[in-house]
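Colleague:
Residue numbers (this note's numbering), protein chains in the order written: chain A, 1 to 286; chain B, 287 to 572.
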């Protein structure tokens, strides 16, 4: 039996009829918080692995893909982002990337589950290295309640770095949530939401566009990127706003004073090019 | 035990410490040919699956990604391709894509193992629908012997649609093989070779560039694309030639009279944009 539970962590993607496994050295931690079950494994080749409710959240080895693509494209699309809200994102990898932008004045991060951050500090310390930045505020609270109570025009960019749309993350894919995001962003703000696999979840991806538009965003734009530890190895994020979401501050990307492992100005452009089958499906349904 | 051998086909990528599994309904065929072991499965959600020596070769559901990206970019990069040689490619999916180009006059396909084609005719008939095209010649022979004996300047494009560089496919990643390809292509011909995962096989990918250049190609260029059933879900092909490999007949792509599911002119451009870590590794080693 090659894939046993003792030596491998396996995530089954039931609808897709596929599974992804990583060989593990040891399970280092498991706990049931009031919100979800968090597990930490040491893998053979991917560094640390965090799983929530059995789903892979991140690994040391390849989280740079997701975190760079969830933060830099939206921040370089906005003409002058100053105030950022991260909903979810408790592992702090997105927060670290956002804080690399020196023009950012304030980042509020709102994750419902404090234990995600505490365990990330312990097992993914490199992702938490910017947590002490004076511009960062970590709140452990309900994301939908937060945007409901936030003032209009109070953020330039909202990054929804959520779990899948099941369990506590589900409310972050709703009309009500996006409507509040629209209001707190005002006319010029930009939203980005992780939007699952273009291969496996095309219907959900399409629904995200529909709900974002119904909630008052004039334009929506998906970008895709590889992500080996997520189902299909191919992932997406979807931008919403009222301006041209394919235009970005290319010169600023080229001269950025911080390192990236995946993202650059060509990757930004290219991430926006939709595969034929995705483009066609969106055209037929939007 | 969630991932058992009865209900799942699993490919373990040993070096990477990861595994990918597809849920199966039944094993339909298994045989040991003089070259390799071929298995055919009916999966729950990916259609048919062909495995060779335990490695996934293709599935009905997602082979379009690989076949489109191995054929259309190189053919639209060459200014006027007429004579094409496919080495490997026994499932005939690449051949079908090549034959969609009406200017192609002759395609010779050379796969060492006739059984790959016979089983593909049976289980992937859609990929073999162009096999009867008058321009297509199917040869079952040794690819390296074929290029050794081929005349100089006898092809415009060579597509190496091989298995991994272990077993019978290994000779297709050597200096001698590329040297013969260089000779039979002449100065204006283009080569493309599937070149594994940019995430898992970056050293091999780099070696392919090195060997291609040592064999006489002045320029080499990798393109990447998603491929869920291959290790890491992210794959690459590498072009070799003596002209600018990032320029292509964009107008012809935009007006192509045949359907594609993934490929289009934006995808062509974007596939050439290398991730930061790949670009850096190549720059340091080439």
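Where a beta carbon is used, it is the ideal one built from N, C-alpha and C, also for glycine.
#1: Assign residue 229(A) to one of three DSSP states: helix, strand, or coil.
#2: For the alpha helix (DSSP H) that contains residue 524(B), what are its first and last residues?
#3: If I measure Cβ to Cβ from residue 63(A) and keep anything under 6 angstroms in the same chain, skipping five residues before and after, which residues do I get?
#4: Can you look up residue 544(B) in the DSSP assignment and give me helix, strand or coil?
#5: If we call anything under 8 angstroms between Cβ atoms a contact, is residue 506(B) one with residue 3(A)?
#6: Give the residues from the stretch 172-201 of chain A that approach chain B closer than 9 angstroms (Cβ to any Cβ), ordered along the chain.
#7: Once DSSP output is grouped into helix, strand and coil, what is the label at residue 211(A)?
#8: Give a yes or no on whether the C-beta atoms belonging to residue 190(A) and residue 101(A) are separated by under 8 angstroms.
#9: Taking only beta-carbon positions, decide if residue 548(B) is within less than 8 angstroms of chain A.
#10: Excluding five sequence neighbours on each side, which residues of the same chain lie with their C-beta closer than 8 angstroms to the C-beta of residue 368(B)?
#11: Going along the chain, which unbroken runs of the beta strand (DSSP E) with 3 or more residues stay wholly within the stretch 338-419 of chain B?
#12: Is the CB-CB distance between residue 260(A) and residue 68(A) below 8 angstroms?
#13: Is it buried or exposed for residue 209(A), if we count other Cβ within 10 angstroms and need 16 for buried?
#14: Nearest to residue 308(B) by alpha carbon, out of 13(A), 112(A), 54(A)?
#15: Nearest chain B C-beta to residue 1(A) closer than 8 angstroms, yes or no?
#16: Report the option in 113(A), 146(A), 118(A), 70(A) whose CA atom is closest to the CA atom of residue 95(A).
#17: State yes or no: is the beta carbon of residue 73(A) nearer than 8 angstroms to at least one beta carbon in chain B?
#18: Roughly how far, in whole angstroms, is the beta-carbon of residue 553(B) from the beta-carbon of residue 275(A), given that I think they are within contact range, below 8 angstroms?
#19: Chain A partners of residue 308(B), CB-CB under 7 angstroms?
#20: Between the C-alpha atoms of residue 1(A) and residue 291(B), what's the straight-line distance to the nearest angstrom?
#21: How should residue 17(A) be labelled, buried or exposed, when 16 other C-beta atoms within 10 angstroms of its C-beta is the threshold for buried?
#22: Could you check whether residue 491(B) and residue 484(B) sit closer than 8 angstroms to each other, using their CB atoms as the reference points?
#23: Suppose you measure from the CA of residue 138(A) to the CA of residue 108(A); what does that come to, to the nearest Å?
#24: Suppose the cutoff is 7 angstroms on Cβ atoms and the five residues either side in sequence are ignored; what does the same chain contact list for residue 376(B) look like?
#25: In three-state DSSP terms, what is residue 18(A)?
#26: So what does DSSP say about residue 39(A), is it helix, strand or coil?
#27: Run through chain B and tell me which residues come within less than 7 angstroms of residue 232(A), C-beta to C-beta.
#28: My understanding is that residue 414(B) touches residue 444(B), with C-beta atoms under 8 angstroms, so please give their C-beta distance in whole angstroms.
#29: Can you find at least 3 beta carbon pairs, one from the stretch 325-339 of chain B and one from the stretch 424-437 of chain B, that sit closer than 8 angstroms?
#30: Please confirm whether residue 130(A) has its beta-carbon closer than 8 angstroms to some beta-carbon of chain B.
#31: Can you grab the Cα-Cα spacing for the pair residue 286(A) / residue 211(A), in whole Å?
#32: Which whole-angstrom value is the C-beta distance of residue 324(B) and residue 317(B), which I expect to be below 8 angstroms?
#33: Would you verify that the beta carbon of residue 553(B) is, or is not, closer than 8 angstroms to some beta carbon of chain A?
#34: Are residue 504(B) and residue 464(B) touching if we call contact CB-CB under 8 angstroms?
Modeller: Working from what's here:
#1: Your numbering for residue 229(A) matches position 229 in the first chain. Secondary structure at residue 229(A): coil, using DSSP grouped into helix, strand and coil.
#2: Stepping through the second chain from its first residue, residue 524(B) is reached at position 238. Here residue 524(B) belongs to no alpha helix (DSSP H); instead the beta strand (DSSP E) covers 520-527.
#3: Position 63 of the first chain holds residue 63(A). If we look at residue 63(A) and ignore the five residues flanking it on each side, its Cβ neighbours are 93.
#4: Here residue 544(B) corresponds to residue number 258 of the second chain, with the count starting at 1. Three-state DSSP puts residue 544(B) in coil, outside helix and strand.
#5: Translated into positions along the second chain, residue 506(B) becomes position 220. Translated into positions along the first chain, residue 3(A) becomes position 3. Their beta carbons are not under 8 angstroms apart, which means residue 506(B) does not touch residue 3(A) by this criterion.
#6: 197, 198, 199, 200
#7: Counted from its first residue, the first chain places residue 211(A) at position 211. It is helical.
#8: Against the first chain, residue 190(A) aligns to sequence position 190. Against the first chain, residue 101(A) aligns to sequence position 101. Result no, Cβ atoms of residue 190(A) and residue 101(A) do not sit closer than 8 angstroms.
#9: Numbered from its first residue, the second chain carries residue 548(B) at position 262. By this cut-off, residue 548(B) is an interface position.
#10: Residue 368(B) sits at position 82 when you count from the first residue of the second chain. So the qualifying residues of the chain are 389, 390, 391, 392, 442.
#11: 341-345, 369-374, 392-397
#12: Against the first chain, residue 260(A) aligns to sequence position 260. Against the first chain, residue 68(A) aligns to sequence position 68. Yes.
#13: The sequence position of residue 209(A) within the first chain is 209, counting from 1. Residue 209(A) counts as buried, since at least 16 other C-beta atoms from the protein chains shown sit within 10 angstroms of its C-beta.
#14: Position 22 of the second chain, counted from the start, is the residue given in the question as residue 308(B). For the residues 13(A), 112(A), 54(A), the minimum Cα distance to residue 308(B) belongs to 13(A).
#15: In the first chain, the residue the question calls residue 1(A) occupies position 1. Any reading at residue 1(A) must be qualified, since the residue scores a pLDDT of 47, below 50, and its modelled position is unreliable; the value itself is stated next. Chain B contact via Cβ: present.
#16: Looking up residue 95(A) in the first chain gives position 95. Ranking 113(A), 146(A), 118(A), 70(A) by Cα distance to residue 95(A) puts 70(A) first.
#17: By 1-based counting over the first chain, the position of residue 73(A) is 73. Interface flag for residue 73(A) against chain B is unset, since no Cβ pair is found closer than 8 angstroms.
#18: Against the second chain, residue 553(B) aligns to sequence position 267. Against the first chain, residue 275(A) aligns to sequence position 275. Residue 553(B) to residue 275(A), Cβ: 6 angstroms. Contact.
#19: Locating residue 308(B) in the second chain gives position 22, where the first residue counts as 1. Here the neighbours are 17, 18.
#20: The residue you call residue 1(A) lines up with position 1 of the first chain. The residue you call residue 291(B) lines up with position 5 of the second chain. Low confidence applies here, because residue 1(A) scores a pLDDT of 47, under 50, leaving its location unreliable; read the following figure in that light. So the two alpha carbons sit approximately 7 angstroms from each other.
#21: Here the question's residue 17(A) lines up with position 17 in the first chain. So residue 17(A) counts as buried.
#22: As a position in the second chain, residue 484(B) is number 198, starting the count at 1. As a position in the second chain, residue 491(B) is number 205, starting the count at 1. Yes, the Cβ-Cβ distance between residue 484(B) and residue 491(B) is below 8 angstroms.
#23: On the first chain, position 138 is the one that residue 138(A) refers to. On the first chain, position 108 is the one that residue 108(A) refers to. Using only the alpha carbons, I get a separation of about 6 angstroms.
#24: For the purposes of this step, residue 376(B) is taken as the residue at position 90 of the second chain. 397, 399, 402, 403, 406, listed in sequence order.
#25: In the first chain, counting from the first residue as 1, residue 18(A) sits at position 18. Strand, per DSSP.
#26: For the purposes of this step, residue 39(A) is taken as residue 39 along the first chain, with counting starting at 1. It is a strand residue.
#27: Position 232 of the first chain holds residue 232(A). 514, 519, listed in chain order.
#28: By 1-based counting over the second chain, the position of residue 414(B) is 128. By 1-based counting over the second chain, the position of residue 444(B) is 158. With a Cβ gap of about 21 angstroms, residue 414(B) and residue 444(B) do not count as contacting.
#29: Cβ pair count under 8 angstroms is below three, so no.
#30: The residue labelled residue 130(A) in the question sits at position 130 within the first chain. So no, residue 130(A) is outside the interface.
#31: For the purposes of this step, residue 286(A) is identified with residue 286 of the first chain, where counting begins at 1. For the purposes of this step, residue 211(A) is identified with residue 211 of the first chain, where counting begins at 1. So the two alpha carbons sit approximately 10 angstroms from each other.
#32: By 1-based counting over the second chain, the position of residue 324(B) is 38. By 1-based counting over the second chain, the position of residue 317(B) is 31. Correct: roughly 6 angstroms between the Cβ atoms.
#33: Taking the first residue of the second chain as position 1, residue 553(B) is located at position 267. Answer yes: the Cβ-Cβ gap between residue 553(B) and chain A drops below 8 angstroms somewhere.
#34: As a first step, residue 504(B) is located in the second chain; it is residue number 218 there, counting from the start. As a first step, residue 464(B) is located in the second chain; it is residue number 178 there, counting from the start. Taking 8 angstroms as the Cβ cut-off, residue 504(B) and residue 464(B) do not qualify as a contacting pair.
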